[in-house]
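Here numbering that gives the first Met the number 0 is used: the first residue of the sequence shown is 0, the next is one more, and so on.
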Amino acid sequence: MYNLAALGFNARLKRVVKKLNWELPGAKIEHVDQYSLLSDIIAKPWEYGFENSMQGCCGTGYVETGILCALDDALACDNADKYVFFDAVHPSERTYKIIADAIVNTAPHVFH
């Protein structure tokens, strides 16, 4: 259900970006598809050096999010780099780095 919502949103977003670039000739707006990359990381974590894509590093890894994982006594795994997600919904720092590097390398004309 949520994947379909994200895919629908991204399809509409692409159209809006195209329209804005046409309506605002002085602006350059880019749409970067991070959804597909994150989906690939989740489906094949070993190809990106991860060991776990189905559970977060924090707590049980299934329900804890945000503030529950920011508490001083929050239980976190020993090595978050092995996990695609830090908590139940947020990617780990290493996952964000992979996505950020892909964005910069996919659209270098935007960043240079």
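Glycine included, each C-beta is placed from N, C-alpha and C at the ideal position.
Item: Count Cβ pairs between the stretch 92-106 and the stretch 35-43 that sit closer than 8 Å; are there 3 or more?; Value: yes
Item: Considering only residues of the stretch 25-104, which uninterrupted alpha helix (DSSP H) runs meet the minimum length of 4 residues and lie entirely inside it, listed in chain order?; Value: 33-42 and 66-69
Item: On the premise that residue 68 lies in contact with residue 86, defined as a C-beta separation below 8 Å, what is that separation, rounded to the nearest angstrom?; Value: 4 Å
Item: Would you report the Cα separation of residue 57 and residue 108, rounded to the nearest angstrom?; Value: 37 Å
Item: Given this structure, state the Cα-to-Cα distance separating residue 90 from residue 83, to the nearest angstrom.; Value: 6 Å
Item: Please report how far the alpha carbon of residue 27 lies from the alpha carbon of residue 12, in whole angstroms.; Value: 15 Å
Item: Select from 95, 54 and 88 the residue whose C-alpha is nearest the C-alpha of residue 76.; Value: 54
Item: For the alpha helix (DSSP H) holding residue 10, just list the boundary residues, first then last.; Value: 1-22
Item: Using 10 angstroms around the beta-carbon of residue 14, count the other beta-carbons present and answer buried if the total reaches 16, otherwise exposed.; Value: exposed
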